[in-house]
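Under my numbering, the residue at position 723 of the sequence shown is numbered 1470, and the numbers go up by one with no gaps. From the three backbone atoms N, C-alpha and C, an ideal C-beta is built for every residue, glycine too.
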Amino acid sequence: MDRDSFFQKYTGHLNEKQLAAVQTVNGPVLLLAVPGSGKTTVLVTRLGYMLYCEGIRPENILTLTYTVAATNDMARRFREIFGEEYSNALEFRTINGICARVIARYGQMIGKSAFELLTDEKVILRMLTEILVQNLSEYPTESDVKNARTLITYCKNMLLSEEEIRELGKEEGIPLWEIYSAYNRYLKQNSFMDYDDQMIYAYRMLKGSPELLKFYQGKYRYICVDEAQDTSKIQHIIIGLLAGEQGNLFMVGDEDQSIYGFRAAYPEALLNFTKEHPGAKELVMDQNYRSNARIVAVADHFIQHNKLRHRKHMVPTKAEEAEIHYISLKNRAAQYTYLRKVAQNHEVETAVLYRDNESVLPLIDQLERQQIPYRIKSTDMAFFTHRVVTDVTNIMRFALNPYDTELFLRIYFKCQTYLKKNQAQQLCRISEERHIPILEAAEYAEGLNGMVLGKCRAFATHLRNMLKEAPSRVLFRIETPLGYGEYLERNNMDDNKLFILKMLSYDEVSIGSFLGRLEYLQSMLREKRPDYDSNFILSTIHSSKGLEYEEVYLMDVCDGVFPDKVVYSKKATPQEKKEFEEERRLFYVGMTRAKSVLHIFRLSEETSSFIREMTPVKVERVEGVKNLNSMEPDRVKSVSVKQDSLKFPDRMKLQNEKRVEGKTFAALQPDQGKMKLKPKSLETDPGGHGTEIQLVIGERVEQMKYGMGVISDAVYHADGITGKFTVIFDSGLEKNFLYPVAFQMGMRIVTEEETGKEGPA
């Protein structure tokens, strides 16, 4: 095939910048490809150009990409376009695939066989579990083990030193260096290597053997790398060694789409490409063929907030055929019912995208209960084995079986009993000897002071009350009066798991049924196969990378969830800024999955840094909703949805509404955190000090007779002033009071300073 025939047959559909990328073959080249710019088409066409127009031998070309699935897909695409002539001679490989070849050849050179590659993940996790048992104060959960596995992979891919690994361990709250060292010792003692070692060994061999390096540099004279922003530091170093200083290296990527930092993705390699490869050419494909013009414009404006990036813009090719819709709801809980209705009434392919797997569990729960079909891309079971979830379910199980010593020893120090370890063990021995509940054994124990004995009695009372309460109430009792929320705060642990548990609890009537529901969901999701007949798709943004959908809903766009942490530039460390930029990139990737319509939930009870960073918008009048803003012409439509119109399940509705004197008032529930109840201004406070008092659900109070407790509920009168409110005392007693009478009779709000002084003795 001559050059003219090739261009006539294969390049007529390419734009000018795509064509330039196809024809730029020699020397180091960085191609920055924005979302929807046709990078795979260009990469495959470029391979054909190298073969048919430049006369390059197929065995001298190495094409690398991120996953085995991607290599197979690219090989298939090439075969479909160019046929079988060169298909079998071209090499499409992952980095690990080429590293395996390097190790095998080096073994032949020195006459030794390499370590066996350990591919069975179950064996690795079992071995890591044993290591964690020896190095952690608590028995590790499945989530703990998987987290340790991810951290070890990160350390190896980033080539971290001992000092850096120890520092990372401090941030994660685990003895990471000890775990890392024990893991590597096990591998070496058993002549194993894992996939990360495979790259480290290949790197050392290429670095230490000029003969080996020369062989591969001669063999692979042209190297093409797809999804370069997802490759790790060691992978970039290996690619650089194979290409050589003046090698023909073609890297395709976009640092704006680098979202695998937790797997050691290293977008800095793209930013430093021209420094590391002198004379390198830098090309940009900036035209987006996927999304409508409004989505492209807003997404491009948003990503400009990042600093660690090439200066470039994304350009639309489609008309402004649709809007970006903000859907105004009260809180996160309202998203699930809204999306359930979308699942029942959508027509085109619709995807719900989210940051973390756990975000979608309450929606899945609703869809399953009502047998609404959906397709889920992938589900990580880590939520069900996360430390917070196992703690909460262990407390519930202990309420059902107050004789269980194993459960008690896992939870006693998390529930403000102030028992020392030897005292807790003493209670277990007495319980077994006398055949009585463990907490009742405190009455017979030696060496317990009055405060600790009182805490044990209160704990027992709380557990008895749990057996009579709805699970949503039990979860509040665990979080606040029992002090588990404070335990999470002290240990800097994620309390979002508690929110998800609360959302899953509303349709259950007892802790037994709730525990059963959690087990059902875990089992169902583990065994569930994708329903390809459904065009209502649930996916993390990570799993949606490279895909596109007609309509997209982005959920949980609120500070503390997505992004998971808010960073203020003046106070942030370089690492914090870097992590926050990855959160922005993840949101950007989510936005650019949408072809026609993008929906974003805006929650009135939550703040959102990301929504603020989007282009200022005009909120139009839709279905009677008032026009709230006219900052810029016609950018984004906002639909405000009344809470009542969502028709929550009966139990949720019961939990979230109180009817007082014929009127409905939104009751601020514990699952929404500490929310202020704002009565009308009073001339004086109940104590006569001339200042207004605001009651706060979750706030601690002290009452002369009953001692310390927590406000758990409150009800308004019709005129808006707080009437009756409820306190759960530390003793486990629950009492109702009238406002402001209770404060006139000696109740007081405990200050933050006083609360901060409380803690284990």
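Sub-8 Å separation of residue i and residue j beta-carbons
i	j	result
I1247	F1348	no
K903	I947	yes
M1061	V1043	yes
M905	K980	yes
R1087	L1114	yes
T1137	T888	yes
I1050	R1340	no
A1012	Q976	yes
P922	N882	yes
D1477	A1205	yes
S1281	S1125	no
Integer-rounded CB distance, given that residue j should sit under 8 Å from residue i
i	j	result
I808	Y942	Not confirmed; about 24 Å, so no contact.
Y757	T792	6 Å
L960	L988	6 Å
K1097	F1283	The sequence shown places Thr at residue 1097, rather than the Lys named in the question. T1097 to F1283, Cβ: 6 Å. Contact.
M1455	E1446	Going by Cβ atoms, the distance from M1455 to E1446 rounds to 11 Å, so no, they are not a contact pair.
R1037	E1070	So it is not a contact: roughly 17 Å between Cβ atoms.
N1019	G774	Not a contact, Cβ separation roughly 17 Å.
P1149	L1200	That pair is no contact at about 17 Å.
Residue i to residue j span [Cα, whole Å]
i	j	result
P957	E806	21 Å
L779	Y1335	16 Å
A929	V1313	35 Å
Q1402	Y1253	Interpretation of Q1402 is limited by its pLDDT of 35, a score under 50 that renders its predicted location unreliable; the figure taken from the coordinates is listed afterwards. Each residue's alpha carbon lies about 8 Å from the other.
M1492	T1498	18 Å
D749	R1276	48 Å
W924	V772	44 Å
F1510	A822	Given that the chain is displayed from residue 748 to residue 1508, the structure contains no residue 1510 and the question cannot be resolved.
N819	M797	20 Å
L864	F939	6 Å
G1000	Q1034	14 Å
T812	E919	31 Å
K1244	Y1234	14 Å
A1461	S1270	38 Å
T1473	E1068	53 Å
L1076	Y1085	9 Å
A767	T810	19 Å
F1484	M1494	10 Å
L790	F1155	59 Å
N1039	E838	36 Å
E1274	E1266	12 Å
H1072	N1104	23 Å
K1059	D751	33 Å
D1306	R1116	30 Å
L1108	K859	51 Å
R804	Y967	10 Å
F1160	S884	12 Å
N835	Q1004	31 Å
D1127	S1286	11 Å
Continuous alpha helix (DSSP H) stretch holding residue i: start and end
i	result
Y1191	Element bounds for Y1191: n/a, residue is neither H nor E.
Q1269	1258-1274
T814	Here T814 belongs to no alpha helix (DSSP H), and DSSP marks it neither H nor E.
I970	Here I970 belongs to no alpha helix (DSSP H); instead the beta strand (DSSP E) covers 969-972.
Y1159	Y1159 -> no alpha helix (DSSP H), and no H or E assigned at all.
Y1085	1079-1092
L790	786-799
L1200	1197-1213
A780	Premise fails: A780 lies in the beta strand (DSSP E), 776-780, not in any alpha helix (DSSP H).
Where the beta strand (DSSP E) through residue i begins and ends
i	result
F1286	Sequence check: residue 1286 is Ser here, not Phe. 1283-1287 is the span of the beta strand (DSSP E), which, as asked, contains S1286.
R840	838-840
G1000	995-1000
R1349	1341-1350
T1097	1097-1101
M1032	1028-1032
E1297	1296-1301
V1136	Here V1136 belongs to no beta strand (DSSP E); instead the alpha helix (DSSP H) covers 1134-1147.
A1011	Counting along the chain, A1011 falls outside any beta strand (DSSP E), and DSSP gives it neither H nor E.
In DSSP terms, what residue i is bridged to
i	result
G1454	Q1450
V1474	I1458, K1482
T1125	Before going further, note that residue 1125 is Ser rather than Thr in the sequence given. Partner(s): none; S1125 has no beta bridge.
F939	E863
N1035	P1063
Any non-hydrogen atom of the ligand ATP closer than 7 Å to residue i Cβ
i	result
S1038	Although the ligand ATP was asked about, the structure shown includes no ligands whatsoever.
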